[in-house]
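Chain order of the listed sequences is A and B. Counting from -1, one number per residue, gives the positions in the first sequence under our numbering. Counting from 116, one number per residue, gives the positions in the second sequence under our numbering.
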Amino acid sequence: MYLELSHLQKSFGDRAVVQDLSLSLEQGELLCILGASGCGKTTTLNLIGGFLRPDGGQILLDGQDITHLPPERRPVTTVFQSYGLFPHMTVLQNVMYGLKFRSMKKSEAREKGLRYLELVGLSDYAGARIYEISGGQQQRVALARALIVEPKLCLLDEPFSNLDAALRVKMRRELKAIQRELGMTMVFVTHDQEEALILSDRMAILEGGRLRQYGRPLDIYRHPADDFVSRFLGLEELVWREDGSLLKFIRRPDPQEA
Amino acid sequence: MNNPVHTGSTRASLRDALVRVGNNGADRLLLLMLLGSICLFVFWPILCILLRSFAGEGGPTAQAYQEVWSGYRANLFNSLFVGAFTALFCTLFSVCTALFISTRRGWVRLACMAVLLISMVSPPFVSSLAYIQLYGRRGWITYRLLGLTWDPYNCWGVIWMQSISFVPLNALFLIGLLSKLDTDSLQAARDLGAQPGAILRDMVLPLLRPGVLVTLLLSFVRSLADFETPVIIGGRFSTIASEIYLQLVGYSDLEKSAAMNMFLLLPAVAAFFLYRRLMRRSDQLFLGNSRSRQGGLSLELRRCGAAGVLCTTVSLLFFLMMVLQYGCIFLSGFLKRTKGVYSFTLDYWNTLWSRDAATMGRSVLYALIVALAGTLFAMVFAYYMDRRRVPGRGLFDCLVTLPYMLPGSCFGIGYILAFNHEPLKLTGTAAIVILNMLFKQLPTTTKICSASLAQVPESLERAARDLGGSRLSVLRDVILPGLRPAFLSCFAYNFSSSMTTAGAILFLINPGKKLAVFQLFDAVYTGNYALASLMASSIIVIVLAVEGLVYFITWKGASRRVS
């Protein structure tokens, strides 16, 4: 397995946020961690990214134990929920920043930066400042910045939550295309069931810091492990596109909300 | 309106109409009074300096300027020299201290913040007072400990003392900026491979740059305006500000000091506009990051290489000097030296409270008046400026902010010139002192109120009007309660500033009705260091006590409301 989390534990004070979490992922796959807010999904992501130290358990990436490496030495990058772009730099400088620490010639770095800007469709904005571009464009800059260093694993923390519905659907498609094109392994955290079903190769459903179900999205859809998973997904029907990929899903009306 | 209007109840509707007209009238009147007093107490005094500096026997003349230019060029040069070095040193100290405190947690952070707080409520010449006692001709450290004999009264002493005493305000400003840094940006940089040193160099410092420039600018302007330090420890070295003090207090030469003040006024006004630009730039860099963190900046200074070492060393040095300074101030009021032996004494204490009790009481009274009136003024002013489309808004906003940059001596002399004849003869009264303090502090208090007002949604105001409230009742029922947190900060700021700032007050005070800062300045100037130290510590304790009380009352009030 390419990424292996085994028996991860994390508590804040008395509160156990992640309990005995084990997952594994093949190279080039996209894993969605799905759960309601407070289920421990962002904490899990922070454990993989190195921003938090686990109380127990192990993280293996490509055969290497990265459990105790600081973030700057992990071959892992993150796309933050609020993007965390550098406001004093241009779009291109933002994208190129990570290359600074990878002993690359300035001209090469610039070329690569422009290539990645093209990948996310922002070639015309290389010289723009962060506060001059729109939310969706900022999102793309953050993605390009995380991908340019060719990490072994890219983490995304609810990256589309600040975008409006239409843009979110568009960005989803773009992200999937880029992920396939680069063969990038990704872990994606979301609370949006539809987003998870459409994007993921593997899906992990978390509740109260515990893994409720792990598997391929359609398997989970067809065979929810228990009542909780079935209710949480709330699936009524799936709508498919002609190429066989999932277009959208229709939720069952929630009896508690009505 | 409250009563439903039925057909036939013309009396009720007439009353309603009258109330409405009355309320609107009161609203207009209030606005007119606000704007009028700003013109009278900010714009008019400044204009008076300008007019007076050109006044001659036979019409307008530039003679005073020529005299200043030919006779005091050395002073002008000295002012620039001291200003430049003070700005550099002070900024270095401020940035290091701010970074040090922001990256610390726990008791170290608390202790450092406490030191900054104490120095914020200290009278301005406390550093000079401690400097003389610690490093002077008979200084505890230079003479008694190290046996050195040297002359500390020179320009480097002035630079050193100014740099130290401007640090707390600057550091608090920078700490405020640092707490707004986007944590995700720093994490992203780390995530991409940046070591702490690179984060400091590539992220923290560039983002802080406008703030650092503001610090440079403010320190420079403050140094130009500061006359107390050169008067106390400059010796034969004098700047333009200390010369103004001498010209006015020694020779009562109003024309010359007005002309000299213009040399301070112009750079101050220029600095003011530059300051506004820099702050806009800074806001841009921190855009969308109003949430501030609890835990402080997560950056390990000791892993930041040379810059980190420099930062830690400089801050430790600064805090060491602060501890020495306050230790010296608090102790020397109770120590008596007889035959080379120090012993505890209450002599100074008794002198202080028998001779100067009235002065202390007066200071507290004035400060309380300024704190209450100034806070109310600032709240109402902030409301009219931010929420109502008052014509000429930008101009008034600018006018009200101007005293922030204005040297205290400028503002003081302006008041003397503007209010020393009928119909508005205020010189020698308590009113001129109180008004001067109020308007000098207004820039900061209106800023605090504006920031707080931004938290009161405009929809609340619309709802109140929608339900039948007049403009005045919106102010009373929605705006003022919403500004409650600002009240506390403004009150504390006004009170401590009124108790501790000297600048303009030294020119305006009536010899029969002295204030504590004036007395303190006098004591330092005449070499009565023990009494001066005791007065300084008393002022610090009083300010801390009153502010503590205000916090306690509000905290109590808040907890009662919640339960």
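Glycine included, every Cβ here is placed at the ideal spot set by N, Cα and C.
Query                                                                                                                                                                                : Result
Return the chain-ordered list of same chain residues with a C-beta closer than 8 Å to the C-beta of proline 52 of chain A, the five sequence neighbours on each side being excluded. : Leu6, Gln7, Lys8, Val16, Leu45 and Thr65
In chain order, what residues of the same chain have a beta carbon less than 8 Å from the beta carbon of serine 405 of chain B, not counting five sequence neighbours either side?   : In this predicted model, serine 405 of chain B has a pLDDT of only 46, less than 50, meaning its place in the structure is not dependable enough to derive any value.
Answer with buried or exposed for glutamate 576 of chain B, where buried requires no fewer than 16 other C-beta atoms within 10 angstroms of its C-beta.                             : buried
Taking 7 Å as the CB-CB limit, is serine 305 of chain B close to chain A?                                                                                                            : In the sequence as presented, serine is not what sits at residue 305 of chain B; that position holds arginine. Chain A, which has a Cβ nearer than 7 Å to the Cβ of arginine 305 of chain B, makes this yes.
Beta carbon of glycine 82 of chain A, beta carbon of leucine 204 of chain A: below 7 Å?                                                                                              : no
Taking contact to mean at least 3 C-beta pairs separated by less than 8 Å, is the region 513 to 531 of chain B in contact with the region 622 to 637 of chain B?                     : yes
Hey, leucine 416 of chain B and glycine 423 of chain B are a contact pair by Cβ (cut 8 Å); roughly how many whole angstroms apart?                                                   : 4 Å
From valine 77 of chain A to alanine 144 of chain A, what does the alpha carbon distance come to, in whole angstroms?                                                                : 6 Å
Quick one: list the residues of chain A neighbouring aspartate 299 of chain B, beta-carbon separation under 8 Å, in chain order.                                                     : Phe78, Gln79, Ser80, Tyr81 and Gly82
With 7 Å set as the bound, which would you pick, yes or no: does the beta-carbon of glutamine 634 of chain B sit closer than that to a beta-carbon of chain A?                       : no
Please state if the CB of glycine 54 of chain A and the CB of threonine 183 of chain A are separated by a distance shorter than 7 Å.                                                 : no
Which residues in chain A have a C-beta closer than 9 Å to the C-beta of glycine 642 of chain B? List them in chain order.                                                           : Going along chain A, no residue has its Cβ under 9 Å from glycine 642 of chain B, so there is no contact; the nearest lies around 51 Å.
Nearest CA to the CA of proline 149 of chain A: which residue from A/Asn92, A/Leu50 and A/Val185?                                                                                    : A/Val185
Could you tell me whether the Cβ of glutamine 310 of chain B comes closer than 7 Å to any Cβ of chain A?                                                                             : yes
Indicate whether at least one CB of chain A lies closer than 7 Å to the CB of proline 596 of chain B.                                                                                : no
Just the chain B side, please: which residues come within less than 7 Å of tyrosine 123 of chain A by C-beta, in chain order?                                                        : Ordered by position in chain B, no residue passes the 7 Å Cβ test against tyrosine 123 of chain A, which lies about 18 Å from the chain.
Distance, Cα to Cα, arginine 259 of chain B vs glycine 663 of chain B?                                                                                                               : 38 Å
For serine 372 of chain B, which residues from the same chain have a beta carbon less than 7 Å from its beta carbon, with the 5 sequence-adjacent residues on both sides left out?   : Ile359, Gln362, Leu363 and Ile528
Considering Cα atoms alone, identify which of B/Glu182, B/Arg167 and B/Thr212 is closest to leucine 284 of chain B.                                                                  : B/Thr212
Leaving out five residues on either side along the sequence, give the residues of the same chain with a beta carbon under 6 Å from the beta carbon of glycine 618 of chain B.        : Gly523
Is DSSP giving phenylalanine 10 of chain A helix, strand or coil here?                                                                                                               : strand
In chain A, what lies closer than 9 Å to methionine 318 of chain B by C-beta?                                                                                                        : Phe84 and His86
Cα separation between threonine 330 of chain B and glutamate 573 of chain B?                                                                                                         : 34 Å
Using the beta-carbon count (16 or more within 10 Å), is proline 558 of chain B buried or exposed?                                                                                   : buried
Look at the alpha carbon of alanine 132 of chain B and the alpha carbon of leucine 582 of chain B, and state the distance between them as a whole number of angstroms.               : 16 Å
Taking its Cβ as the centre, do 16 or more other Cβ atoms sit within 10 Å of glutamine 91 of chain A, making it buried, or is it exposed?                                            : buried
Mind checking which residues open and close the alpha helix (DSSP H) that includes methionine 102 of chain A?                                                                        : That residue, methionine 102 of chain A, is in no alpha helix (DSSP H); it is neither H nor E in DSSP.
Quick check on DSSP: helix, strand or coil for leucine 188 of chain A?                                                                                                               : Here residue 188 of chain A turns out to be threonine, not leucine, going by the sequence shown. The answer is strand: DSSP assigns threonine 188 of chain A an E or B state.
Proline 321 of chain B touches chain A at which residues, Cβ-Cβ below 9 Å?                                                                                                           : Phe84, His86 and Met87
For valine 185 of chain A, which residues in chain B fall below 9 Å Cβ to Cβ?                                                                                                        : Result: empty, since nearest Cβ-Cβ is about 14 Å, beyond 9 Å.
Have a look at B/Tyr187, B/Ile256, B/Ala189 and B/Ile216 and flag the residue whose alpha-carbon is nearest the alpha-carbon of methionine 56 of chain B.                            : Because chain B is modelled from 116 through 678, residue 56 of chain B falls outside the range shown and cannot be assessed.
Who are the neighbours of glycine 47 of chain A on chain B, taking C-beta pairs under 9 Å?                                                                                           : Gln302 and Asp306
Between which two residues does the alpha helix (DSSP H) holding alanine 373 of chain B run?                                                                                         : 369 to 400
Quick one: residues in its chain with C-beta nearer than 7 Å to the C-beta of phenylalanine 49 of chain A, no 5 flanking neighbours on either side, listed in chain order?           : Pro69
Alpha carbon to alpha carbon, how far is leucine 369 of chain B from leucine 381 of chain B?                                                                                         : 18 Å
Would DSSP call phenylalanine 169 of chain B helix, strand or coil?                                                                                                                  : coil
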